[in-house]
Amino acid sequence: MSFRGGRGNLGGFGSNNNAFSNISGNNGVEVEITGWNGASAQECISFISRKCKITVTNYTVNNATGGIRGFVRSPSEADQLTSWSGVRFAGGVLKIFKVNSNQQPGFGAQGGPDNTVQTLKMFLKSRYNPELKLLNLSAVQQDPTLSAKGFFSSVSTKSKVITAMIKVACEMKLDFTSADLSNNDLTDLTTVSDLAREFPKLQNLALSNNRLARVKVFEVWKKKLGYLRELILAGNPLLNTTNPTEVNSIKSELLKVFPRLVILDGEVLRNEEALRKNLSLSFDRPQAMFFQDDETRALSTNFITNFYNLWDSNRQQLMVLYQNESQFSVQIDMSHPKAFDSKDLPDFSYYLPLSRNLTKMSSAKVRMGKLAHGQEQIFKSFTQIPKTQHELLTKPDDFSMECYRLPQMGAISITLHGSYKEVAPPENLEQMNNNHARNKYQPKKKVTLGTKGFDRTLIVIPGPNNSMIVASDLLCVHSDVGSDAFRPEQITQASPQPQNTPSPAPAVGTAATPSPGVPNTNTPTPPGVNVPTAADLPAQVKANLNVMQQELLVKVLLETKLNIEYGVLLCQQSNWDYQQCISNFKISASTLPPDAFAR
């Protein structure tokens, strides 16, 4: 259901020009017929003509109420027709009203759509408690005022009422953190899906005594109600099970949907204080740059300055940094905010043939084909990327960098975030033209150059004669989302507000750029380096974990570089779900104390 426009054009209310007004030049009386949904409007009008011996002319379907609006010749015919209200047709019961009568059904009885909005506003005011910040939308179909005005006169109007209420509540700027949607006969959450978009900071929600039968119905809210703390589902078929395995599965799925959910039907599911610490920002000022130590700072800043100077001017000279075991890949990330607005979506045509997004491709052959190995393949990929300009020296505040050591490899991980300008097309369009010829990609005849956002992670290891070797190079290209996040002063000036719901972490092995402190598992392991396994965990830790949990813990420790104590805590608070672990860690990586990381 779409809501566009302002007053008088809410969610389709009044979208039909004939729906709430008399047709000029018609001297008849307007009537409305509801309950005909078992057949077509034409069949209903023909039935009335045969049964009631009255002709309804110039009829239209009212999109707001689902009723048929039309005209009869005189008030006496209108009275005669309304006397047939209650006659059965197509398995339903017809209700017939005069439009100008106080008995008229539908949204906004007398006065049209404006009256509909006013009715909803009055209802919401009566159900809103500003002291408790509670909006009570329970059992709305039993409300006598709404029923008298015909809001539930047909199936189509019933399905629109709560959706319209949520929209009107947003326009009224009601400030609530708790909502009660109990006893509304909901079989899914489609009609209330807008609740997550309009009120993302909702903390408490009651959905008791509805007809929710599957946990899958909550998928429409996944990662959207990021602050939901308490959920009430009692009285739904979903919970009509005593099987412990099924109950635990339901709880596990709900924790994945709502990352901050603590209480379900009065039961505490996890330690709220530990969860709060794990997901909250503890530092007063965020850091635009992070370096593990002064030596790392000196090495990485010098390296990245020279690297991008050559990247923008002569990529051929960069090849001395890559060896036969080096890897390079490109990924296009469409999950950034501007990607959801097509008019702001940049042209990625030059990058499509190279994009190695492992969440989009499952073929092992294709995956390996998108990964460049060695100098020859890597340089060929470089020539297929547009020529660029990075303003690192002139606008350093527009970039953010995180650098830390990888002790197992004796390497440094350098991640740079920012944007760049495309100044010229790629030198080599061979791959693009080949794919276009096979109809795999359909780029425009003239690809538009512009500004792109990027995240790039370079794993640099020491080489012979104090040289440096790029072991892994991951370039993620996305829409330019600005540099405000890199400017601490703009964040600290704003009043404290809960942060937006975190985006889910990319799947393991994608070419996405890791967040601060999260190395990518695609990094090649140099010969002779031992990677820790579950067998290396302390005995007291293994004693409390099953084999799968041990393997997950090791994987998380390698990804996050946390020490074992914090790693176990992260896994527990994330319900031993890998993706949730990485998502939670991304939120809190910059807030954790130094002793949370392995030394």
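Residue 1 is where the sequence shown starts when you use full-length UniProt numbering, and the numbers rise one by one after that.
Ideal Cβ positions, reconstructed from N, Cα and C, are used throughout, including at glycine.
If you're wondering where the values come from, they're calculated on a predicted model, not measured in any experiment.
Discussion item. Rounding to the nearest angstrom, what Cα-Cα distance links residue 268 and residue 554 in this structure?
Written reply: In a straight line, the C-alpha of residue 268 is about 28 Å away from that of residue 554.
Worksheet item: In the DSSP assignment, what are the bridge partners of residue 404?
Response: According to DSSP, which records beta bridges pairwise, residue 404 is partnered with 413.
Discussion item. Quick check on residue 325: does DSSP put it in helix, strand or coil?
Written reply: Collapsing the DSSP output to three states places residue 325 in coil.
Worksheet item: The alpha helix (DSSP H) spanning residue 308 covers which residue range?
Response: Where residue 308 is concerned, the enclosing alpha helix (DSSP H) starts and stops at 294 to 313.
Worksheet item: In its own chain, which residues sit with a C-beta less than 6 Å from the C-beta of residue 623, not counting the 5 before and 5 after it?
Response: Since the first and last residues shown for the chain are 1 and 599, residue 623 lies out of range.
Worksheet entry | Residues that residue 472 bridges to, as DSSP identifies them | In DSSP, residue 472 forms a bridge with 327, 459.
Discussion item. If we require 4 or more residues per run, which alpha helix (DSSP H) segments fall completely within the region 218 to 261?
Written reply: Complete alpha helix (DSSP H) runs here, min 4: 244 to 257.
Worksheet item: Can the beta-carbon of residue 174 be found closer than 7 Å to that of residue 128?
Response: For the pair residue 174 and residue 128, the CB atoms are nearer than the 7 Å cut-off.
Worksheet item: Distance, Cα to Cα, residue 313 vs residue 582?
Response: Approximately 36 Å, taken between the alpha carbons.
Worksheet item: Based on Cα-Cα distance, which residue from 357, 452, 320 lies nearest to residue 390?
Response: From the listed residues 357, 452, 320, the smallest Cα separation to residue 390 is found for 452.
Fill in: Whole-angstrom distance between residue 73 and residue 36, CA atom to CA atom
The C-alpha of residue 36 lies about 22 Å from the C-alpha of residue 73.
Practice prompt. Per DSSP, which residues does residue 57 bridge with? Please list them.
Written response: DSSP links residue 57 through a beta bridge to 71.
Discussion item. Can you find the residues in the same chain that come closer than 6 Å, C-beta to C-beta, to residue 71, ignoring five residues on each side of it along the sequence?
Written reply: Counting only Cβ-Cβ distances below 6 Å, and skipping sequence neighbours, we find 26, 28, 30, 57, 58.
Item to complete: Answer with buried or exposed for residue 302, where buried requires no fewer than 16 other C-beta atoms within 10 angstroms of its C-beta.
Response: Exposed is the call here.
Worksheet entry | Neighbourhood of residue 93 by C-beta distance below 7 Å, restricted to the same chain and skipping five residues each side | Closer than 7 Å at the Cβ level, and outside the excluded window around residue 93, lie 35, 86.
Practice prompt. Between the Cα of residue 318 and those of 456, 469, 98, spot the shortest distance and give me the residue it belongs to.
Written response: Out of 456, 469, 98, 469 has the C-alpha closest to the C-alpha of residue 318.
Worksheet item: To the nearest angstrom, how far is it from the Cα of residue 369 to the Cα of residue 162?
Response: Going by C-alpha positions, residue 369 is about 50 Å away from residue 162.
Worksheet item: Fully enclosed by the region 112 to 165, which alpha helix (DSSP H) runs are 4 residues long or longer?
Response: If we require 4 residues or more, the alpha helix (DSSP H) runs fully inside the region 112 to 165 come out as 113 to 127, 144 to 148.
Fill in: Opposing strand residues paired with residue 89 [DSSP bridges]
Looking at the DSSP output, residue 89 sits in a beta bridge with 92.
Worksheet item: Quick one: what's got a C-beta closer than 7 Å to residue 96's C-beta in the same chain, skipping five residues either side?
Response: The answer, listed in chain order, is 31, 33, 81, 82, 84, 85.
Discussion item. Assess contact between the region 256 to 274 and the region 221 to 228, defined as three or more Cβ pairs (one per stretch) separated by less than 8 Å. Is contact present?
Written reply: Verdict: yes, contact present.
Fill in: residue 411, buried or exposed, once every other Cβ within 10 Å from all chains shown has been counted against 16
Its Cβ being crowded by 16 or more others within 10 Å, residue 411 is buried.
Practice prompt. Work out the CA separation of residue 483 and residue 304 for me, nearest whole Å.
Written response: So the two alpha carbons sit approximately 19 Å from each other.
Practice prompt. Could you tell me whether the region 238 to 252 touches the region 190 to 205, where touching means 3 or more Cβ pairs closer than 8 Å?
Written response: Short answer: they don't touch.
Worksheet entry | Given residue 320 as reference, the closest of 362, 396, 329, 471 once Cα atoms are compared | Ranking the options by Cα distance to residue 320, first place goes to 471.
Worksheet item: DSSP three-state call for residue 508: helix, strand or coil?
Response: Residue confidence is low: residue 508 scores 30 on pLDDT, short of 50, so the model does not pin down where it sits. No coordinate-derived value is stated.
Worksheet item: Is residue 421 helix, strand or coil by DSSP?
Response: Correct three-state label for residue 421: strand.
Worksheet entry | Residues of its chain near residue 578, where Cβ-Cβ distance is below 8 Å and the 5 sequence neighbours each way are ignored | Answer for residue 578: 508, 552, 555, 556, listed in chain order.
Worksheet item: Which stretch, first to last residue, makes up the alpha helix (DSSP H) that contains residue 178?
Response: Taken as a continuous stretch (DSSP letters only), residue 178 belongs to no alpha helix (DSSP H), being part of the beta strand (DSSP E) at 178 to 180.
Worksheet item: Three or more beta-carbon pairs under 8 Å between the region 417 to 427 and the region 370 to 390, yes or no?
Response: With a cut-off of 8 Å, the region 370 to 390 and the region 417 to 427 count as touching, because enough Cβ pairs lie within range.
Worksheet item: How many angstroms separate the CA atom of residue 479 from the CA atom of residue 398?
Response: When rounded, the separation of the alpha-carbon atoms in residue 479 and residue 398 is 15 Å.
Discussion item. Less than 7 Å between the beta carbons of residue 172 and residue 120, yes or no?
Written reply: In this structure, residue 120 does not lie closer than 7 Å to residue 172 by Cβ.
Discussion item. Taking 8 Å as the limit between beta carbons, can you name the residues of its chain near residue 538, skipping five residues before and five after?
Written reply: Cβ neighbours of residue 538 beyond the five flanking positions: 564.
Fill in: Residue closest to residue 308, alpha-carbon to alpha-carbon, out of 353, 69, 458, 61
Nearest Cα to residue 308 within the set 353, 69, 458, 61: 458.
Worksheet item: When you compare each of 359, 413, 477 to residue 420 by their alpha carbons, which one comes out closest?
Response: Nearest in C-alpha terms to residue 420, of all of 359, 413, 477, is 477.
Worksheet item: Which whole-angstrom value describes the C-beta separation of residue 90 and residue 39, a residue pair presumed to lie in contact below a C-beta threshold of 8 Å?
Response: Contact flag correct, Cβ pair sits at about 4 Å.
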